[in-house]
Every structure is written in structure tokens, then in C-alpha cells.
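Numbering (my numbering), first residue to last: 53 to 462. Backbone N, C-alpha and C define an ideal beta-carbon position, used for all residues, glycine too.
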């Protein structure tokens, strides 16, 4: 694999050509595909095929998921307008509001609503703007994840078998239990795309690019700071010497700017330094608890003691994936992969010490070491891929169905 990470984009159109030429456009697309390596082409194929699965799921739910007596199906676009997406769309359209109902939206960082506003300005449809962002950034994320898996697999399996690990790891990622959030208008696709490319650039010691991408990711999600800490570990592992050596990594601190800037703006807008923390409590009852208390609280939810049975199922899933995350962090520590350990450890730890396990299933999508490890396992253990998909497929469809029906899906 060429160690130089290259950003792939088609050649710009010649300014003296009037109108669009379908033949030229097709040739440009073909030329772009030829620039992709074998594993990158596999990444594109897996992602696009998985989108067909989501289209099929959308169609099924629109026709069958809203009662059996209606003459017409539910709107295909409307089934995607639920939960966090509604808040993102409102922030993008009208900005942050002071009212109590909307106060929880302070928990959502402004980066994604800003991106949504820009795409909507061009596309003129909120829901399709969100879906398009996820489609494009999800593809970019898959290409980056494919490269990461290839690097890891080549070191373990050799180059000859690394491509199969890429295919398998990406397939497991694209059909993960939380896969619906890679299609919906959520922050996961752009956040993952930005952080995975930042990780690749950091491996090449291209600190400015890594820092800038992580800063943009941090403008969308607080977990960008966890990525920043992981990149800082990668930088320390280069053993910088002297003032000049240390200054090479200055850009790693850039994610502090959007996060700090947003907190200062919230202080000005609300008059409270803890506005973001209060928003988390208002909207989702998120506050620090001891880890064993968090587990006990989640068990009560999972047993339907505090919520309906249909909602309890999601908390059962949260417990499973939380312990998978804990096991992954322990394994990374055991293997002395300290940078990934820091990221996964903070990611799991922050959710395992909240009131209940919440959105951990979605968080698994951002754990790139997990998908690299599972891709390698699929090659080392021929039975693993079939077992994973057998267990994950019904869960993936169920979570997608719950979300599309506007029922609690984590």
C-alpha cells in the first residue's frame, strides 16, 4: 500500500467547456475509480451495497410499519425525520433557542447544523440534505476505515490476505447493529470520516492535517477531544526532542478551539458556564454516577422495570455493547496500543459512568480498532463472519425499524 494518503477527487472541469458532457463525466468517474486501489474499490462496493439494504428497509417500514388498515404507505422521507435529527434540523433552520423544550439542543454542537445549513442552501430539502451528507461522508469514512484495516491486517496476516480482512471488516461495520445511524441525518458519518482520516494523517506525522480534521470533528461532537488525546499519544510516541520537535505537534491542540469557543458562546447566550452539562441532564438525564450504579440503573431499564418492554430491549443491547467496549479497551491496553486505548477507554468510560448506558450502540461505529480486529478475525477464523452476521442481522434490522417508526432506538 502506498504510504502517502491521498485525497481523491475528480479533475476539475475545463472552464472553456460549456454545459456538461455525459461522456466526459463518465470518463472522469472511470478515471477516478482507476485511481483507487483494490481495497479502496472494495470499500466503495461494500458501502454502496449496504445502502441498498437501507433503501429496502426504508421501503419495508414505510409500507408495513404504521398500521395495517391504511391505503397509502408512509412517506419515504418522513420516516427519517425523528429524534436527534429533528433537533439538528431546527438548530440549522432557526438557531439555538432559550425555551425549555429546545434547551436540550445546547447539547448538540454547532458543526453539524452548520454543515446541514450549507447543503440545504444548495439542495433546498432538509431531510435529503441530511441523507446526502451521511451518504457521502459515510463513503469517505469507509475508504479511510478500509485503509486502516489494510494497515493492521497486513502487519498480522500479510499483504496477500489483508484485502479479505478489509472486505470482511467493512461488511461487519456496514451492517453493524447501529448501521441505521450511518444513513440518518446524524453526526456519526461526518464525525467518523473526519476522525479516521485524521488518524491516518497522524500515522504519517502530518500533524496539521490531523489537527484540522479533528478540530472540525470536535465542532460536531465532544468525542473529538478523545480523538485529540489519542493523537497526542501518537505524537508522544514519536519522541519529539527540543523546542522545534515539540512545536511540530502544535496543531493537535486545535480541537480545543471549537469546543472552548462553543462553551464561551453558551455562557454569553445563556449566562451559564454549565449550559452544555445542564442540556445533557435536561434532555437525557446524563450526569456522572459510579460505574456500578450505572450498571444497576441500566439493568432496571433493561428488565422493563422503568420503561415498556419494547424500550427495554434497547437497554439490553446497550449492556452488551458496553461490555464489548470494556473488553476492547482491556485488549488494547494488553497489546500496549496506547493511542487507541486512550480513545476507546475515554469513549466507553464516559458512557459507563453516566446515569444509564445510553447511545453506546451508536458509539461502537466510531471504534475503528474494533472493526479492524473483527476483520482480521474473519480471516483467521473462517466461521466468525457467518456467526457475526447471523447474530447482528436481526438486531440491525430491529434497530433500523425502531428508528424509522420513531420508537426509541438509542
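Taking the Cβ atom as the reference point for each residue, do residue i and residue j lie within a distance shorter than 9 Å?
i	j	result
residue 129	residue 451	no
residue 157	residue 335	yes
residue 247	residue 195	no
residue 301	residue 292	yes
residue 303	residue 362	no
residue 200	residue 424	yes
residue 205	residue 182	no
residue 254	residue 283	yes
residue 193	residue 241	yes
residue 31	residue 395	Absent from the structure is residue 31, since the part of the chain shown begins at 53 and ends at 462.
residue 373	residue 223	no
residue 416	residue 376	yes
residue 225	residue 197	yes
residue 340	residue 239	no
residue 447	residue 347	no
residue 403	residue 411	yes
residue 218	residue 95	yes
residue 444	residue 228	yes
residue 457	residue 113	yes
What separation, rounded to the nearest whole angstrom, lies between the Cα atoms of residue i and residue j?
i	j	result
residue 441	residue 430	11 Å
residue 455	residue 134	7 Å
residue 298	residue 132	46 Å
residue 314	residue 270	10 Å
residue 148	residue 179	19 Å
residue 172	residue 397	36 Å
residue 267	residue 175	26 Å
residue 386	residue 413	24 Å
residue 461	residue 288	39 Å
residue 272	residue 216	33 Å
residue 391	residue 119	49 Å
residue 207	residue 115	47 Å
residue 308	residue 317	14 Å
residue 459	residue 244	25 Å
residue 358	residue 419	30 Å
residue 136	residue 296	44 Å
residue 110	residue 124	15 Å
Per DSSP, what kind of secondary structure is residue i in: helix, strand or coil?
i	result
residue 326	coil
residue 443	helix
residue 349	helix
residue 460	coil
residue 51	Since the displayed the chain opens at 53 and closes at 462, residue 51 lies outside it and no answer follows.
residue 301	coil
residue 291	coil
residue 342	coil
residue 207	helix
residue 315	helix
residue 273	coil
residue 413	helix
residue 283	helix
residue 320	helix
residue 143	helix
residue 506	Residue coverage of the chain in this structure runs from 53 to 462, which leaves residue 506 outside it and unanswerable.
residue 235	coil
residue 150	coil
residue 425	helix
Is residue i close to chain D? Criterion is C-beta to C-beta, closer than 9 Å.
i	result
residue 345	Absent here is chain D; the protein component of the structure consists of one chain.
Is the segment 226–236 in contact with the segment 102–113, if contact means three or more CB pairs nearer than 8 Å? Segment contact: the segment 226–236 against the segment 102–113, three or more CB-CB distances shorter than 8 Å; contact assigned.
Using a Cβ distance threshold of 8 Å, determine whether the segment 151–166 contacts the segment 211–225, with at least three qualifying pairs required. No, they do not touch.
With contact counted as at least three CB pairs below 8 Å, one residue from each stretch, are the segment 345–360 and the segment 312–331 in contact? The segment 345–360, when compared against the segment 312–331, does not touch it at the 8 Å Cβ threshold.
Report yes or no: do the segment 355–370 and the segment 186–202 share at least 3 C-beta pairs separated by less than 8 Å? With the cut-off at 8 Å, the segment 355–370 and the segment 186–202 do not touch.
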